[in-house]
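Residues 1 to 345 in full-length UniProt numbering are what the sequence shown lists, from first letter to last.
Built from N, CA and C at the ideal position, the CB exists for glycine as well.
Because the structure is a prediction, the values reported are computed rather than measured.
The structure appears right after this line, and notes come after that.
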Amino acid sequence: MHGKSGDWIGKLPLSNLARILQQAGRRRAGSTRVGPSVGEDAAIVSLGPIDLVMHLDPITEAGALAGWLAVHVAANDIAVTGARPRWEMLAVLMPPGSSEDSLASLLGDAVRAAEEIGVEIVGGHTEAAPGVPRPIIVAAAAGITCGGCTTPTSAARPGDLVLQVKPAAIEGTAIIATDFADMLRSRGVGEDAIAGARMLASRVSIVEEAIELAEAGVVRAMHDPTEGGVLGGLVEMALASRTVIEVEEDKIIVGEATRIVASALGIDPLRLISSGTLLATVPPDKAGEARYVLEELGVEYSFIGRVAARSGEPALRLSSRGRVKTFREPPMDEIARLHASKGPG
């Protein structure tokens with residue numbers, strides 16, 4: 001919520017969310033390892049020798065890419081717990097009057113995404129819903145891993161190094177280049193740059209990177225930064241682990257295509273929805289092994305900061321040009337701001 005009660009875009013503010021989660025988690029079985037919690041990517045339930053990991057996520061800020069992103073983003077949120085995503089279900093809400101071709105295109109993208117990462121779509125629901133301005137897809141995903149082998153966001157510990165894998169705002173850049181292409185053209189961005197930004201959609205999965213790091217035993221906590229971008233993801237890690245996280249802004253990786261798009265529209269790439277980026281905390285003695293894993297995968301990475309201390313007032317402290325900004329709540333996402341400025345439709 002950004003503004004007065006009932007007037008918000010994107011995720012709820014912490015005060016409201018905490019009350020809702022407290023109600024939702026009132027009845028909790030002993031087998032629940034991770035239940036409703038701020039900053040956690042998924043629920044984790046013990047089934048004896050294995051853990052079942054479950055996640056639910058809507059894609060509300062994308063149009064043409066909704067099917068592709070729904071499958072990948074949900075799978076990412078399973079993978080960052082250290083579990084391999086296995087199954088997904090999709091609820092597809094289309095604007096009234098949508099063509100069968102537009103639905104087929106979205107579902108075709110979802111199927112291709114599932115095939116790319118080895119996920120089975122096992123069910124779902126489709127309807128044309130009154131009041132829906134663009135396609136909304138809600139994906140439920142599940143996976144399994146060995147009991148007690150997970151890497152939840154809350155597992156970050158003081159002294160850990162903070163690791164970024166792949167550039168910030170991959171997802172957001174692709175969405176803007178697809179759904180706001182005319183706006184980019186009006187700001188002087190060329191067709192080649194728009195096409196290059198749009199192609200970032202192919203890099204939105206972090207399943208391979210997350211699973212490789214987890215199986216190597218080099219990460220303590222992992223997180224998939226979505227709404228609010230890398231800054232939002234880092235704040236959520238701090239909140240979940242009850243810590244202060246210190247990060248140097250100039251160490252955060254931002255790709256050239258993202259810089260072009262962000263500069264043209266006057267937006268902050270660090271506050272731009274960022275599936276495709278992986279955040280993790282790494283014990284210092286595991287940093288060399290983590291580097292080896294990532295270099296073998298051939299992906300960009302950067303150690304951008306550290307988990308400083310436990311705190312009753314969790315926060316992200318972002319250092320930039322000699323100044324420190326403190327964030328105690330995820331910022332409003334830049335995509336949400338663009339949609340608000342564009343109006344309905």
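Length of the line joining the Cα atoms of residue i and residue j
i      : j      : result
Gly298 : Thr277 : 14 Å
Ala91  : Val324 : 42 Å
Ile175 : Gly35  : 31 Å
Glu212 : Arg84  : 10 Å
Leu234 : Leu316 : 6 Å
Phe180 : Leu272 : 14 Å
Val230 : Pro283 : 20 Å
Thr60  : Gly147 : 33 Å
Leu106 : Asp57  : 16 Å
Met332 : Asp51  : 33 Å
Ser154 : Gly39  : 8 Å
Ala66  : Ala193 : 22 Å
Ile170 : Arg185 : 20 Å
Ala110 : Ile136 : 13 Å
Gly312 : Val73  : 31 Å
Gly82  : Glu116 : 18 Å
Leu14  : Phe327 : 12 Å
Arg157 : Leu239 : 12 Å
Glu295 : Ser99  : 45 Å
Gly228 : Glu256 : 20 Å
Arg86  : Glu120 : 6 Å
Pro225 : Ala309 : 21 Å
Pro314 : Ile245 : 8 Å
Pro330 : Thr145 : 29 Å
Leu69  : Ser274 : 11 Å
Gly318 : Lys11  : Per the sequence shown, residue 318 should be read as Leu rather than Gly. Rounded to whole angstroms, Leu318 to Lys11 spans 21 Å at the Cα level.
Leu112 : Ala177 : Before going on, a small fix: residue 112 reads as Arg here, not Leu. Whole-angstrom Cα-Cα distance: 20 Å.
Ile20  : Ser241 : 19 Å
Ala114 : Val122 : 11 Å
Leu17  : Thr243 : 19 Å
Residue nearest to residue i in terms of C-alpha spacing, selected from the options
i      : options                        : result
Val247 : His72, Gly63, Ser320, Ile20    : Ser320
Leu47  : Met94, Leu107, Gly143          : Gly143
Asn76  : Met54, Leu161, Pro95, Val282   : Met54
Thr32  : Pro152, Ser102, Ser98          : Pro152
Ala141 : Val162, Val80, Cys149, Met94   : Val80
Arg337 : Asp268, Ala280, Glu329, Lys286 : Asp268
Ile260 : Ala195, Ala210, Gly118         : Ala195
Met183 : Leu17, Arg19, Gly30, Ile335    : Ile335
His223 : Arg198, Gly63, Glu300, Ala280  : Ala280
Exposure label - residue i; buried when at least 16 CB within 10 Å
i      : result
Ala340 : exposed
Ile78  : buried
Arg134 : buried
Thr258 : buried
Pro96  : exposed
Pro167 : buried
Gly172 : buried
Pro49  : exposed
Met94  : buried
His125 : exposed
Ser5   : Confidence at Ser5 is low in this model, with a pLDDT of 48, below 50, so the placement of that residue is unreliable and no value is reported for it.
Met237 : buried
Asp285 : exposed
Ser205 : buried
Glu208 : exposed
Glu215 : exposed
Ala139 : buried
Test: residue i CB closer than 9 Å to a CB of chain B
i      : result
His223 : Given the protein chain composition of this structure (a single chain), no chain B is represented.
Practice task
Say whether the segment 238 to 254 touches the segment 298 to 316, bearing in mind that this needs 3 or more beta-carbon pairs closer than 8 Å, one atom from each stretch.
Solution key: yes
Practice task
Give a yes or no on contact between the segment 282 to 292 and the segment 207 to 223, applying the rule of three or more CB pairs nearer than 8 Å.
Solution key: yes
Handout entry: Cβ contact check for the segment 184 to 198 and the segment 262 to 278: 3 or more pairs under 8 Å
Key = yes
Exercise for the section: Evaluate the contact criterion for the segment 128 to 135 versus the segment 30 to 44: three or more CB pairs, one atom per stretch, below 8 Å. Expected result: no
Problem - Any beta strand (DSSP E) of 3 or more consecutive residues that is wholly inside the segment 46 to 89 - result: 50 to 59
Exercise for the section: Identify every run of the alpha helix (DSSP H) within the segment 193 to 241, keeping only runs that are complete inside it and at least 4 residues long; order them along the chain. Expected result: 207 to 216, 229 to 241
Practice task
For the segment 240 to 312, list the beta strand (DSSP E) runs that are entirely contained and at least 3 residues long, ordered along the chain.
Solution key: 243 to 248, 278 to 282, 301 to 310
Practice task
At 4 residues or longer, and completely inside the segment 98 to 152: list those alpha helix (DSSP H) runs for me, N to C.
Solution key: 100 to 117
Problem - Length-filtered (3 minimum) beta strand (DSSP E) runs lying within the segment 146 to 191 - result: 161 to 165
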